[in-house]
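Per this note's numbering, residue 137 is the first one in the first sequence, and the count goes up by one each step. Here a beta-carbon is modelled for each residue, glycine too, at the ideal position from N, C-alpha and C.
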Amino acid sequence: MRWTKYYLPTFKETPSDAEIPSHKLMLRAGLIRKLTAGVYTFLPLGFRVLKKIETIVREEMDRIGCQEVLMPILHPSELYKESGRFQHFGPELFKLHDRRNRLFALGPTHEEVITDMARSELKSYRQLPQCHYQILTKFRDEIRPRFGVMRAREFIMKDAYSFHTSEESLDEIYEKMAGAYRRILDRCGLSNVMVEADAGKIGGDINHEFVVLAQEGESEIFSCSCGYAANDERAESLGRPAEVKEPVLDTPQKIKTPGQKTVEEVTAFLGAKPSQLVKTLLYKTSNKTVAALIGGDRTLSETKFSKIVGDPMIEPLSDEEIFELTGAEVGYSGPVGLPKDTMIIADTLLEEFQGMIVGANETDAHLRGVKMGRDFTPNASANISRARAGDRCPRCEKGTLSVQRGVELGHIFKLGTKYSESMGATYLDDDGKERPFIMGCYGFGVSRTVAAAIEQHHDEKGIIWPSSITPMHVLVLPVNIADAQTRNTAEMLYEDLRGAGFDVLLDDRDLRPGYKFKDADLIGIPLRITLGERNLKKGMIEIYYRREDRSELVRKKDVIHTIQRFYEPDQ
RNA sequence: CGGGGCGUAGCGCAGCCCGGUUAGCGCACCUGCCUUGGGAGCAGGGGGUCGCCGGUUCAAAUCCGGCCGCCCCGACCA
């Protein structure tokens, strides 16, 4: 492409609504433009990257025997009522009515649609297993779209679904899929980890995320040298043994703590450590009140808590409701003497406590030396606090967890029979019995991968594309287009490189060199051929490697060979 | 959903508090000259329903009300 003919609008200034590097750079480098909140157009250069990623995804799906299909985006709402997800997805589902006032949804994912297809198409065990995939636009009405295409309301995703007669068959595809995901990310040049995760709205039990590591990624992952790795919604931990313990007293001692409400205030006032104090967080579900007990230095994982409670709609009590329940102001809630019908869930880490300091359910007072099981009895003990870096690993129980940030690009699930049972999707087994399909589903965020790649590969000057997904292989940059020799050499190289099968961008704009160099750094094409009068007179051509920030001079005749060598590993 | 902020040219912003010429600046864009190895210079030029609707006023970008859009923070507070 010639830059003068190509729609590649770059700009120097950072748009005020962009927050993270990938979003800023995608706008500045002319890859995307926003239409409305969470909805983006891919401009020509950005679309090229998207297509490269799609191609890699297709190749890896095809390689493991997954068959490409294309399902509708517009879904009749009845399907979601059958699966029960109309409620569960709730406000995140984009809904619309047709002219006869029938309710539809824009597909957030396709479990229902594919299960509907399977129940009418797949009748016999002889037809199984099957694995189908597609790449298409999905819609989710996110609470808060942000970070450009990273968390968009309309986005492109590859999703695959498999149908099996046995767990073993599901395991086999699941493993193949994990391998394919690893290869996709490796081929895209993205360093990544596979972690245990929460199944969220999809359902099922065993599931893994593929996270691309990036400084400003939105998810936290915990890992141990023993191989344990999980995201922040899932990661469990053991506490830190060295922490100061609160002694158990014969009977809880009430102490005045006037005006001391927060953990910081109470511990400072009493000269105690946060690890001696237990927080009582009060929540309501659709039909009951639940108290979550966690260490004073811990934070509650609403995801874990909600799962234990068995209700997705948990909500903290308001200040007024807390007063009504406990008879005390916010800041003095505790597990001792709560109404009988209040369910108490204690974090597993509390088992490492001896005594506890808790709120007294009386304004301006706390209790010391409280013992769990004697002074109050929790209805259940479960891990409901978030893991922290430095905690002991829950698997090997020796190592410590370290934390990294990243972007979730892939998520694979063993669904089991969740959808096939609720939607009556069955086949006939070899003994003539009707059985529900055992299913798996496998998502991969394609448009988000573009952003994740930039998040992992950029510097202060701009993007640095991994060679396998770069929108162009080579940028030919004639320093002075007015110089005849420069111009002619540029034209010649442009034609030769294209003839050799490379995607070439020729910066034929009549602009000052500085301007063109800045743009070149910004759009991040791995190789730049710089044509200047001085080098040309010596018969030499400069190749600049964007990632290494290094140039080398080669003879004109060696240019193509040099470039071929650079791209060989991706072929 | 709660809190905060913003909406003035393609982008980044000033002007608004304290109403009053023709609404301004930088970048980008167009024309010409000049310049050509890191976002030059000179001269000229185009581009605005000041988010929308209504109100107050002789007069509204500016004050008031409503609506819409966008962004940030929060939903981890006991």
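Given that a residue counts as buried once 16 or more other Cβ atoms are within 10 Å of its Cβ, and exposed if not, what is residue i?
| i | result |
| --- | --- |
| Pro572 | buried |
| Asn497 | buried |
| Leu564 | exposed |
| Asn423 | exposed |
| Ile320 | buried |
| Ser469 | buried |
| Glu247 | buried |
| Ala350 | buried |
| Glu98 | Because the chain here runs from 137 to 707, residue 98 falls outside it and cannot be looked at. |
| Val380 | exposed |
| Thr191 | exposed |
| Ser152 | exposed |
| Leu236 | Inspection of the sequence shows that residue 236 is occupied by Arg rather than by Leu. It counts as exposed. |
| His697 | exposed |
| Phe147 | exposed |
| Pro388 | buried |
| His609 | buried |
| Gly650 | exposed |
| Gly675 | exposed |
Could you give the residue range of the alpha helix (DSSP H) that holds residue i?
| i | result |
| --- | --- |
| Ile480 | First-last for Ile480: 479-483, but that is the beta strand (DSSP E), not the alpha helix (DSSP H). |
| Thr403 | 399-406 |
| Glu303 | 303-323 |
| Leu672 | 669-673 |
| Pro157 | 157-164 |
| Phe441 | 438-445 |
| His697 | 695-703 |
| Leu461 | 455-462 |
| Glu255 | Checking the displayed sequence, the identity of residue 255 turns out to be Arg instead of Glu. Element bounds for Arg255: 247-257. |
At what residues does the beta strand (DSSP E) containing residue i begin and finish?
| i | result |
| --- | --- |
| Gln592 | No beta strand (DSSP E) contains Gln592, which is instead part of the alpha helix (DSSP H) from 582-592. |
| Asp383 | Reading the sequence as shown, one finds Pro at residue 383 and not Asp. No beta strand (DSSP E) contains Pro383, which DSSP labels as neither H nor E. |
| Leu642 | 640-642 |
| Gly635 | Not the beta strand (DSSP E): Gly635 falls in the alpha helix (DSSP H), residues 620-635. |
| Arg169 | 168-172 |
| Ser355 | 355-359 |
| Asp655 | No beta strand (DSSP E) holds Asp655; the alpha helix (DSSP H) holding it covers 649-659. |
| Ile292 | 290-300 |
| Arg691 | 686-691 |
| Gly175 | For the record, residue 175 in the displayed sequence is Val; it is not Gly. That run of the beta strand (DSSP E) goes 175-178. |
Can you tell me the Cβ-Cβ gap for residue i and residue j, rounded? I've got them flagged as a contact below 8 Å.
| i | j | result |
| --- | --- | --- |
| Val414 | Leu436 | Actually they are not in contact, since the Cβ atoms of Val414 and Leu436 sit about 12 Å apart, beyond 8 Å. |
| Ser355 | Val347 | 6 Å |
| Val175 | Arg289 | 6 Å |
| Ala587 | Ser158 | 4 Å |
| Gly432 | Pro410 | 4 Å |
| Asp500 | Pro394 | 4 Å |
| Leu326 | Arg504 | The pair is not a contact, with the Cβ atoms about 52 Å apart (cut-off 8 Å). |
| Ser373 | Ala516 | About 19 Å; that fails the 8 Å criterion. |
| Val285 | Ile458 | The pair is not a contact, with the Cβ atoms about 41 Å apart (cut-off 8 Å). |
Go through its chain and collect everything with a Cβ distance to residue i's Cβ below 6 Å, but skip five positions before and after it.
| i | result |
| --- | --- |
| Asp334 | Glu369, Arg370, Thr439 |
| Leu144 | Gly166, Leu181 |
| Tyr630 | Val612, Val640, Leu642 |
| Val695 | Ile677 |
| Met137 | Leu641 |
| Arg434 | Ser521 |
| Asp657 | Lys597, Gly598 |
| Glu228 | Arg276, Asp277 |
| Phe222 | Tyr216 |
| Ser583 | Val285, Phe291, Ile292 |
Excluding five sequence neighbours on each side, which residues of the same chain lie with their C-beta closer than 7 Å to the C-beta of residue i?
| i | result |
| --- | --- |
| Ile209 | Leu242, Gly243, Leu272, Thr273 |
| Thr666 | Leu613, Val615, Glu678, Tyr680 |
| Arg161 | Note that residue 161 is Leu in the sequence shown here, rather than Arg. Cβ neighbours of Leu161 beyond the five flanking positions: Ile590, His594, Gly598, Ile599. |
| Pro471 | Thr416, Ala427, Leu429, Ile480, Val494, Phe512 |
| Pro212 | Phe240 |
| His547 | Ala333, Asn343, Glu345, Gly579 |
| Phe638 | His609, Val610, Ile699 |
Ignore the nearest five residues each way along the sequence and tell me which others in residue i's own chain have a CB closer than 8 Å to its CB.
| i | result |
| --- | --- |
| His300 | Leu264, Pro265, Leu306, Ile309, Phe573, Ile574, Met575, Gly576 |
| Ser115 | Look at the range of the chain in this structure, 137 to 707, and you will see that residue 115 is not part of it. |
| Lys534 | Cys362, Arg528 |
| Pro705 | Ser603 |
| Asp252 | Leu215, Met559, Ala561 |
| Val399 | Pro410, Leu413, Lys415, Gly432, Asp433 |
| Arg124 | Here the chain comprises residues numbered 137 to 707, so residue 124 is not present and cannot be evaluated. |
Is residue i near the ligand ATP, going by C-beta to nearest heavy atom under 7 Å?
| i | result |
| --- | --- |
| Asn671 | In the structure shown, the ligand ATP is absent, as is every other ligand, since no ligand is present at all. |
(request) Report the residue ranges of all beta strand (DSSP E) runs contained in full by the segment 192-245; include only those spanning at least 3 residues, in chain order. (result) 210-212, 230-233, 239-242
(request) Note down, one range per segment and in chain order, each alpha helix (DSSP H) of at least 4 residues found wholly within the segment 507-579. (result) 554-558
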